[in-house]
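Chains as they are written, first to last, in UniProt numbering: chain A, 1 to 601; chain Y, 1 to 601.
Notes follow once the structure below has been shown.
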């Protein structure tokens, strides 16, 4: 290629970029958040609504667009933040929406403008990230389309957008207090599974197909607030069904009656198309599947969301209807809802997880990584602990404390580097005591981090649970899953470095491990935590402080509380860098998650 | 008297003062506030506790002492303040503990140190003053003894300390949302009346004396958390019974079986001793009565707290036992609990109110006052309105906005000076629309203010309710009560300028008026509001900004939110003085309180 030709190519590429940039828009939203009486499952309770709606409005934008959400706190006495789940907040770590980490909670009566770029097409969602406000109903969908001139690597004629959640009749305030009480009070299973914020408690849309005790919902109890969002489709078309799970606790088996699904997207990243009968969706996961409406057109079909992976009794499935036009939307499908897998079909869950592989266009992980070891310490109450430390968050947001070197604002203890090789993950912990801490790991810029999330036995014998772990600010490569204790020697060599999927949430199976890898190329302070909300409340998380010296000027309004408020002078001024021990360069992070009980009573 | 003698006298007086000052102590308290499961009336619900206790600890100090409370917010997602009811906060208006007025709510995880002088002996209490956190259980007693070397003007051998409150099974969060909803949802009557935080729901200590449906409380349901605080006394002694009412709604008729009471103190001020059979105690009132334990020593006696002044059905009385030692504490009194007055015995209430006259040592009011008139404007939802404006509070505390002249931080509309002479207070309002506002009145230093609180008819015909109005930062003289519409010509001449009691809380009777007077000698920003918590939540209050130019440097930590946080530079620096209209010098403030309903649906 001649020099002139190369110049022309560069020029064309440049113009193309300009075109894309020119087409990027600013999507502005004004949202008031307040409690309201609502009937998500036909039973009235308080929910946290946005602009008088539950769930909140869907954000729809194109890749490259700027999303601005002017959020006003109209709650009575509570603070507020919103996290934009799956949006990496590149260059805007202060808009990640995590209380105590990326910003101060927005005070009652105050407004705060989130302002970030949605840089990549995909299926995402947003939710509260202060206390357990997600579980109170503060959530909604985010759909990012490809930029103008770009194409998805698959074709479809229409879309169906489904947000899954679970719902309790006990208030979130009571749930929070119970989880922090001695004696410990577990929240129990949800009363209902909701699809797009709608479910039915104590009655069922599919009663006639279920057991004798099931009861059809009467017209009077079916308030418009709990009538299912009917999904109407044309015949013989291909639909992209977007599914996001913002459940507080429930893992979901998702099925569409009579329709095979082709998985094409996970957490905003393309995957190798694979046909499945059902999806195993854990809290924090998002997927797109393609379906073709080529079934018997004379009937409607069920869309079912079953809770799985926890011991029964579990709530009845969330149900909604795929309406084949022109059938009446109210027509009950002729076939019964698809059957649920066994709650403990973990083999099926693992098989499903292993089917998710990156599309070729997805970048591959670095083949070498830097590694770190950590070890155990001491504690009280019933808590989840990571390497024997249960996460508590400081009052002053870590992004500020770290940037301005406010060493008194948090616990700067560096997690230790050895892990006891003798730990038996199949048994309850020998030493059930642990400590509280900020679980803060400092990472240099542009290094490769591997995390082995090792699941252990809880305090009761022969019990280990599933936990979906979610990383903020990043996607990570899922290098593999395995049973039992991770062995560097055996398992370390068999990780998938060829086509591991990029994700932001990944499950760990009972008594198993999951290996992930990511590159610290996004300066910020990023929690990595179990996405089950009561588990996070009980301390199941860590925080990655990443290249803190490269965090740019934090905008006004982010740090209005704690020591950063009192020291607001230095905001945007001199930075003394993060405190704590010198940052090691070789990592293998073992994260042991287990129940810890110790009562002082 | 010779000059030398005078010098000696001065010297002695000076030394005496030094002695008093030297005996003043600092009483320091460390309090953690958090929700906990509790059984105030034997039924378990969340309550807001302090250091694991409900009600919170009693503050006991001597006049002249400094009280320091280091308050830590251990709530999940809610802010927090505490108001020290009856403490005038002379020179420390920023420690009055009112969110949006005297300070920012304390953030989750933060601590804030209240630091103030209790300058006068008396019976007081403290409570939350953000949202309806008082009703959630955030309260406790304050008892201030006379300074060393001083004497009370009455003698007694022992003390009994009683804090009255009311309790709902519906959470305060739900109550708040209901009150702010369309359609409006009233909280209803309390489920139980509590004495020192203890009551019994659905069973009664005095069941055997009550009607057939009353049931004795079983041993198993009588958790220690709801077993009455038995008040044990020796025979033939004089006791000072201190009673404070922090009810959210309930007006109380307080009776001690077989014992006459001699009223000696109201709201921290001495009154002319007067013998009464029962006390009418409205929310925000405190009293001391003397009783002599000279009754039949072979039995215990009931202490009963009946809800009155609202339409039945009302909850059963709060009951506790005056235990004559050495009778067993568990002995049921031989006589039935004293009977309740009729709920609507307003004549009795007025008679009781008029018995309260100042002791001679209490300073008299200025005989002349400066006066102001106000008028009506416009509104929506179901709200209480004062001169047709329903109180809403700004995000930035008024003390900061006013001191630093942040005119955008609040509604600076000056209430108008005329009141429509044609307003018929016996009928529902002709124009039921009103507006929201900060209801802010600016007062110069050292002027005399009269307020006529005029009670009007609510939206329903022939209904007007009692409202106890509480002023922060001051006592006021109660110049009189009257029926119907206040007439300057007739009523204005008959006010009591001779021995009006000094109080901080005063009731207005249905379709009646109450006249108060105070001198603006305490620079600060002081709410004046109905002490019924749901009524305040619905807007029944005003704010008096008093000699704002004389407010001294506001300490760090008070103004950490809103515009004062963003403008933290000027804190302690230059003050541009309060904004708003020029301050008039002649006032007669007519406050019309009535129901306003207007639905946009």
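Using N, Cα and C, we set each Cβ at its ideal position, and we do this for glycine too.
Sequence-distant residues of the same chain with beta carbon closer than 6 Å to residue i, five excluded per side
{"i": "residue 564 of chain A", "result": "396, 400"}
{"i": "residue 655 of chain Y", "result": "No answer is possible for residue 655 of chain Y: it lies beyond the span of chain Y, which begins at 1 and ends at 601."}
{"i": "residue 539 of chain Y", "result": "383, 384, 390, 391"}
{"i": "residue 341 of chain Y", "result": "253, 348"}
{"i": "residue 567 of chain A", "result": "Because the pLDDT of residue 567 of chain A is 40, which lies under 50, any placement of that residue in the model is unreliable, and the number read from its coordinates should be weighed accordingly. Contacts found: none."}
{"i": "residue 62 of chain A", "result": "145, 147"}
{"i": "residue 230 of chain A", "result": "321, 323, 329"}
Contact test: residue i Cβ vs the ligand HEM heavy atom, cutoff 6 Å
{"i": "residue 451 of chain A", "result": "In the structure on display, the ligand HEM does not appear, and there are no ligands present to speak of."}
For residue i, three-class secondary structure by DSSP
{"i": "residue 142 of chain A", "result": "strand"}
{"i": "residue 163 of chain Y", "result": "strand"}
{"i": "residue 172 of chain A", "result": "helix"}
{"i": "residue 565 of chain A", "result": "helix"}
{"i": "residue 548 of chain A", "result": "helix"}
{"i": "residue 490 of chain Y", "result": "coil"}
{"i": "residue 507 of chain A", "result": "strand"}
{"i": "residue 399 of chain Y", "result": "helix"}
{"i": "residue 105 of chain Y", "result": "coil"}
{"i": "residue 179 of chain A", "result": "helix"}
{"i": "residue 94 of chain A", "result": "helix"}
{"i": "residue 459 of chain A", "result": "coil"}
{"i": "residue 23 of chain Y", "result": "helix"}
{"i": "residue 404 of chain Y", "result": "coil"}
{"i": "residue 208 of chain Y", "result": "helix"}
{"i": "residue 541 of chain Y", "result": "strand"}
{"i": "residue 154 of chain Y", "result": "coil"}
{"i": "residue 352 of chain A", "result": "helix"}
{"i": "residue 385 of chain A", "result": "strand"}
{"i": "residue 614 of chain A", "result": "The question about residue 614 of chain A has no answer here: the residues shown for chain A are numbered 1 through 601."}
Cβ neighbours of residue i in the same chain (closer than 7 Å, five flanking residues each side left out)
{"i": "residue 550 of chain Y", "result": "445, 523"}
{"i": "residue 130 of chain A", "result": "79, 80, 81, 99, 105"}
{"i": "residue 557 of chain A", "result": "112"}
{"i": "residue 201 of chain Y", "result": "41, 42, 43, 191, 192"}
DSSP bridge partner residues for residue i (one or two, in chain order)
{"i": "residue 530 of chain A", "result": "A:469"}
{"i": "residue 116 of chain A", "result": "A:67"}
{"i": "residue 477 of chain Y", "result": "Y:502, Y:517"}
{"i": "residue 85 of chain Y", "result": "Y:125"}
{"i": "residue 34 of chain A", "result": "A:49"}
{"i": "residue 111 of chain A", "result": "A:72"}
{"i": "residue 99 of chain A", "result": "A:103"}
{"i": "residue 201 of chain A", "result": "Residue 201 of chain A is not bridged to any residue."}
{"i": "residue 28 of chain Y", "result": "Y:68"}
Neighbourhood of residue i by C-beta, 8 Å cutoff - its chain only, sequence neighbours within 5 removed
{"i": "residue 58 of chain Y", "result": "140, 141, 142, 143, 161"}
{"i": "residue 40 of chain Y", "result": "47, 54, 137, 167, 192, 194, 197, 198, 199, 225, 226"}
{"i": "residue 498 of chain Y", "result": "364"}
{"i": "residue 343 of chain A", "result": "307, 308, 309, 310, 311, 312, 314"}
{"i": "residue 528 of chain Y", "result": "451, 469, 470, 471, 472, 541, 542, 543, 544"}
Counting Cβ pairs closer than 8 Å, one from the region 327–334 of chain A and one from the region 172–185 of chain A, do we hit at least three? no
Three or more C-beta pairs below 8 Å linking the region 167–182 of chain A and the region 287–299 of chain A: no
Which ranges does the alpha helix (DSSP H) cover as unbroken runs of at least 4 residues, wholly within the region 228–264 of chain Y, from first to last along the chain? none
Cβ pair count under 8 Å reaching 3, the region 249–263 of chain A against the region 198–217 of chain A: no
Can at least three beta-carbon pairs, one atom from the region 277–292 of chain Y and one from the region 467–483 of chain Y, be found at a separation below 8 Å? yes
Taking three-plus beta-carbon pairs below 8 Å as touching, is the region 347–364 of chain A in contact with the region 434–442 of chain A? no
Residue ranges of each beta strand (DSSP E) within the region 266–325 of chain A, 3 or longer: 269–276, 278–281, 286–292, 301–308, 318–324
At a cut of 8 Å, does the region 306–320 of chain Y reach the region 173–181 of chain Y through at least three beta carbon pairs? no
Would you check if the region 267–277 of chain Y and the region 117–125 of chain Y touch, i.e. whether three or more CB-CB distances between them fall below 8 Å? yes
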